[in-house]
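Structure first, then comments.
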Amino acid sequence: MLWIIPWMLLGYASPLLPQTPGSWSQASPSSVLALHTWIMPPLYSTSDLHSLNNHLRPDCIDILRETGLLRRPPHRGSGRMFNYNFSTPGSIPSIWSCSRTTTSSLRHHNKRQVHLSNLRPLPQSSQPVKKQRHLKLALLNTRSLNNKSLILNEFITDNNLDFLCITETWHKPLDYFSLNQTTPTGYTYMDKPRPEGRGGGVAAFYRKDIKTSTISIPAAPSFEHLIFKLSGPILLVTAIIYRPPKPNPSFPSDFSDFLTQLSAISPSVLLLGDFNIHLDTDCKSATEFRELLHFFNFTQHVNFPTHSRGHILDLVCSTGLTIHHLSSFNLNISDHLAIIMDIDIPIPIAKDKRTISFRNLKSISPSALSASLTSKISASPPPLTDNPSDLTEYYNETLSSCLNQLAPIKTKTVSFTHSAPWYTSELHKMKSQKRQLERLHKKTGLTVHLQAYTDYLQQYKDALSTARSTYYSHLIHSGSTNPKALFSTVNKLLKPSNNTSNSFTTDKCNSFLSFFQTKINTIYKDLSSSPAPTACTPSPAAPLLTSQSLSQFSPLSPGELPKTMKGMKTSTCVLDPIPSHLIKDSLPAISTLITEIINSSLRSGLVPHSLKLAAVTPILKKPGLNPDIMSNFRPISNLPFLSKILERTVATQLKAHLCSNDLLEPFQSGFRSQHSTETALLKVTNDILLSADSGRLTILILLDLTAAFDTINHTILLSRLESSLGITGTALSWLKSYLTDRQQFIHINNCTSSTVPLSQGVPQGSVLGPLLFILYLLPLGNIIRHHGLHFHCYADDVQLYISTNSITPGDATHSTLSNCLADIKSWMQTNFLKLNCDKSDMIIIGPKSLTKTADCLRLNIDNSTLSPSPHSRNLGVIFDNNLSFEHHINQITRTAFFHLKNIARLRPSLSFPAAETLIHAFITSRIDYCNSILYGTPSKTLKKLQYIQNSAARLLTHTRTRDHITPVLQKLHWLPVPQRIQFKILLLTHKALHNQAPSYLTDLLHRHNPSRSLRSSDANLLTPPSRTKHRTWGDRAFSAAAPSLWNSLPKHIRDCTDLHTFKSLTKTHLFKIAFNV
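For the sequence shown, position 208 matches number 208 in full-length UniProt numbering, and the numbering has no gaps at all.
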């Protein structure tokens, strides 16, 4: 019976069976009975079965095995065992199987084992084997990143994506808020917004450890694209495409040209994006697109719907690549599905963990540090020497030893895949619940489960936004008194991520060092080798400007040290033995040591060598610049905190000597207390407005210097300090020691370059450097005065201006300007300063009737020609020919609304105080910058600034556009723009009258002193200047506007001498006028 059915299936014929299908119906009953007997034999007894039982192999076993009908015996590892029963005599032997109950160790007991000692070890390779993994990538059309960033952030991390390619981001140029929100820790992004109009935009988020670079191909009018390449064993070029749905007949030709350029770059190309072509149909556009892909040997891989309406719109096309595990995923945030895939390209596995070294500085209490320092100094007192270098070395060793004792260096293996700082444990629980509902919906497919998942997903998104809002509101509000922390927080939210520090290596640091050094040496060499131009007027020898000399610096007492350090920032340099804030906290314990180091340096005239070493950090000049171009970086010098204390002590005494002897240039406003860009511009515009009021033109020339701080000649500077400023003896020796034997190195991202000497220049990050620079420029003022020109300087920005009735080529004004510029050029080259002609500019200001005929003026300087410009930027303010400041206000409007738009993105996530802090930092500061020079400008022009303030108030208070804004401003206690301008002029007037403003502003004001006794004699009034001719010119000048506004104040406000009280009373007075209260 066991073999009957297989024989029948194999077609073995029986003489009892009909041989043809049709003969079954004609079979006789006897034949059927015989067949039944053949198929169903009679019952057998036990002895009969025993006699029939044999273990011979049937002849047909091979055929059964070939046809697969013979079942294989269970595998020995299948977890089953066979039981045999032969115990009962006369019974039928039976075999059955059951699951094993014994463990693996018992199963293999007493069986043969592998003796590992007999195995020969294989030799290991000397090269470390890098683990490889395949690229995991996803594509999604988000239809706007707004309100979806946090979900996409989790989508990247949950799926462990290497790349997330996004189409239809809907972000604008310089709009980074949504992109930053989407970027998880350890990732960065590249983006390409639509240049103009709404919608569009593409972006890619990727791991920082994957080396990528963008490829520039001219934009096509029919579609948007972002192209980048991955460096590695296989050069992969990836293009993210977004084609708008509106038909464009030029798309086939544009896309053909695009593929031609891509194919020439690499044989491995990946195209992915939303093409808005229904590739699941046989329409004309789909057919043409398929033919185009076939012509370039591209394969389209998506064969499932990617849109909610069942069409294939999002495509993945490749050539020279192998793509695996292509699948879709519904995020429920867009009408498109996400496409996830693996690409068969090996990339190095990122190190999930690394070993770091750190100190637990928060565990150090000031009292414990002070006690440790006191004990250390008592046990090992300072060396009995007057050498400041030895004392500085002792200072560094002592502080380092105490730091190692209280906060030793620890090593820890950490993972850099941590979540956001605002991600709480409650959010983690909600995420787990969300995933459970998601899996339930996928398992059942029921609508009720989909609705539950969708509702809970919205709750989870709201919880994410709330947690993030609370966290950043606290940071912004607490940073209102710390501008550095505030701008750092906002930059993380609104600015593109800065990945330049991660790419720095020791070799790159050396390259930067060489670049900065070569740049200065080239300038210095050019100035040294070029013949000096002939000066029109020989420069006289520098006269001694004072009979009082400064031969030595006074020693510092321990009681004066806290005053010296009071206003210092606690910025820490890599050269500091301990963080700067700890030095301030433990000052009582080390004040004697610091004072001894400073006094030893002042007495000996020597600066310790360790305090003349600078750590330079290159930073990008502007966000978004190419980090591969070294000229886009600016070097920032960082000096030890002790060096800054020493320099501050010297600078205080040096300034006292210069001020008491009136040695500083009165028209130099850079790096001086009570001076600012606003006071400088107020003086210049006052002179120009008065000149235009009398019917004259003013020629304003703006000169700029190239790397001025870095090309200062030390010999010339020291000679000038001695011969003109009376600095001699130990004081001069100290300054000479300060300038000589200086060194610097590049330090960033724990990478350090070699150290090189500095033979010229002054350190820009120092306290003394700016002061020494303006002293170096002292002779320049006398050269300009010699030619009868007015001027004003702000550091290395020089403004020259002269008034004239008319301008004709070759007249006296033209000759005066040419001769003055020639003398300036000659003096600068002799003093190793280089004019930057590319940034130098000229503008002619005056009445329209006169400026129209002044375009013929041309001036030659340093083989370059200066011609008049219609408008020019001067210390951050745009001047125009008529001094209307329309271009400046338009620029403020554009910039302010850009920041308002960014703040509007953050506003739902911010509390009221935090939002108000941001508005004052980014909007109000721009409205108020140098606004005193806007006095008297037409109300039509000022309305643009008022509109900015109104928009900011609406954003802050959620006021609708149809609601009146005046009550809102009154509730916020914000002065309108015209009153803010008046407030700034009155504030500067008060400072000028109380010796808290530059002398050039004080000289413009005159107190009212009648010749005979009048009631107004003690009214504290100002005398206005002679009557002006034009309201749009003369009345706008500070010398005319200040007396008018000052005299209109109530007497109790004019008599107020305290600045803080005056500001409060004046604001209240103007507030009542503005809102009629």
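All C-beta atoms, glycine included, are put in the ideal place defined by N, C-alpha and C.
This structure is a prediction, so every number in the text was calculated from the model and none was measured.
Proximity to residue 778 [Cα-Cα], best of 822, 404, 326 and 669: Shortest Cα-Cα distance from residue 778 to any of 822, 404, 326 and 669 involves 669.
Whole-angstrom distance between residue 245 and residue 705, CA atom to CA atom: Between the C-alpha atoms of residue 705 and residue 245 there is a straight-line separation of about 53 Å.
Give me the Cβ distance between residue 793 and residue 665, rounded to the nearest whole Å; I'm assuming they're in contact under 8 Å. About 7 Å; that satisfies the 8 Å criterion.
When you compare the CB positions of residue 837 and residue 864, do they come within less than 8 Å of one another, or not? Taking 8 Å as the cut-off, the Cβ atoms of residue 837 and residue 864 count as close.
In chain order, what residues of the same chain lie with their CB nearer than 8 Å to the CB of residue 299, ignoring the 5 residues before and after it? Cβ within range, chain order: 293, 317, 318 and 319.
Take the Cβ of residue 199 as the centre, count every other Cβ of all protein chains shown within 10 Å, and call the residue buried at 16 or more, exposed below. Within 10 angstroms of the beta-carbon of residue 199 lie fewer than 16 other beta-carbons, which makes it exposed.
Residue 696 to residue 683 span [Cα, whole Å]: Approximately 17 Å between the Cα atoms of the pair.
Taking contact to mean 3 or more Cβ pairs, one atom from each stretch, closer than 8 Å, check whether the stretch 263-281 and the stretch 235-243 are in contact. With a cut-off of 8 Å, the stretch 235-243 and the stretch 263-281 count as touching, because enough Cβ pairs lie within range.
Pair every Cβ in the stretch 376-383 with every Cβ in the stretch 558-576, then say whether three or more of these pairs are closer than 8 Å. With the rule of 3 Cβ pairs closer than 8 Å, the stretch 376-383 does not count as touching the stretch 558-576.
State yes or no: is the C-beta of residue 649 within less than 8 Å of the C-beta of residue 564? In contact: residue 649 and residue 564 (Cβ atoms closer than 8 Å).
Could you check what DSSP says for residue 364 in three-state terms: helix, strand or coil? It is coil, neither helix nor strand.
Could you give the DSSP three-state label for residue 428: helix, strand or coil? Reduced to three states, the DSSP call for residue 428 is helix.
Specify the secondary structure class of residue 198 as computed by DSSP and reduced to three states. Look at residue 198 here: in three-state DSSP terms it is coil, with no helix or strand label.
As an exercise, report each continuous beta strand (DSSP E) stretch of at least 3 residues that is fully enclosed by the stretch 644-707, in chain order. DSSP runs (the beta strand (DSSP E)) wholly in the stretch 644-707: 697-703.
Exposure label - residue 384; buried when at least 16 CB within 10 Å: Exposed is the call here.
Is the beta carbon of residue 608 less than 8 Å from the beta carbon of residue 389? In this structure, residue 389 lies closer than 8 Å to residue 608 by Cβ.
Nearest CA to the CA of residue 612: which residue from 195, 742, 191 and 752? Looking at the Cα atoms, 742 is the closest of the given residues.
Sort 804, 927 and 935 by Cα distance to residue 950 and report the nearest one. Residue 927 is the option with its Cα nearest to residue 950.
Between the Cα of residue 1084 and the Cα atoms of 953, 674 and 736, which residue gives the shortest distance? Any answer about residue 1084 is impossible in this case: the structure gives the chain only from 1 up to 1077.
Contact belief for residue 182 with residue 145 at Cβ below 8 Å, rounded distance in angstroms: Right, the Cβ-Cβ distance comes to about 6 Å (below 8 Å), so this counts as a contact.
Would you mind reading off the limits of the alpha helix (DSSP H) that contains residue 843? Residue 843 -> not in any alpha helix (DSSP H); beta strand (DSSP E) instead, spanning 841-845.
Whole-angstrom Cβ separation of residue 213 and residue 229, contact assumed at under 8 Å? With 8 Å as the limit, residue 213 and residue 229 qualify as a contact, their Cβ atoms being about 6 Å apart.
Do you know how far the Cα of residue 882 is from the Cα of residue 751? One alpha carbon belongs to residue 751, the other to residue 882, and they sit about 52 Å apart.
For residue 8, collect the residues of the same chain with a Cβ closer than 8 Å to its Cβ; drop the 5 residues on either side in sequence, then sort them by chain order. Low confidence applies to residue 8: its pLDDT is 40, below 50, so where it sits in the model is not reliable, and the reading given next is rough at best. Around residue 8: no qualifying Cβ.
How about the stretch 949-969 and the stretch 620-636: do they share at least three Cβ pairs that are nearer than 8 Å? Using a Cβ-Cβ distance cut-off of 8 Å, the stretch 949-969 and the stretch 620-636 are not in contact, since fewer than three pairs of beta carbons, one from each stretch, lie closer than that value.
Would the stretch 896-909 count as touching the stretch 853-864 if we require 3 or more Cβ pairs under 8 Å? Contact fails: fewer than three Cβ-Cβ distances are below 8 Å.
DSSP three-state assignment for residue 224, whether helix, strand or coil: Residue 224 falls in the strand class under three-state DSSP.
Hey, would you say residue 255 sits closer than 8 Å to residue 204, going by beta carbons? A distance of 8 Å or more separates the beta carbons of residue 255 and residue 204.
Would you list the residues sitting across from residue 1078 in a DSSP beta bridge? Only positions 1 to 1077 of the chain appear in this structure, which leaves residue 1078 out of reach.
Check whether the stretch 709-729 and the stretch 1052-1063 are in contact - that is, three or more C-beta pairs closer than 8 Å. They do not touch, by the three-pair rule.
Quickly, what does DSSP pair residue 790 with across the bridge? List them, please. Note: residue 790 sits in a beta bridge opposite 801.
Using only CA atoms, which one of 269, 314, 250 and 194 lies nearest to residue 227? Cα-wise, what sits closest to residue 227 is 269.
Suppose the cutoff is 7 Å on Cβ atoms and the five residues either side in sequence are ignored; what does the same chain contact list for residue 935 look like? Exclusion of the five residues before and after residue 935 leaves 981, 985, 1036 and 1041 as the residues of its chain whose Cβ lies within less than 7 Å of its Cβ.
So residue 713 and residue 744 are in contact, right, with Cβ under 8 Å, and what is the actual spacing, rounded? With 8 Å as the limit, residue 713 and residue 744 do not qualify as a contact, their Cβ atoms being about 18 Å apart.
May I ask which residues mark the beginning and end of the alpha helix (DSSP H) holding residue 850? Its alpha helix (DSSP H) spans residues 848-851.
Using the three-state DSSP reduction, which class does residue 192 fall into: helix, strand or coil? In the three-state reduction of the DSSP assignment, residue 192 falls in the strand class, which pools E and B.
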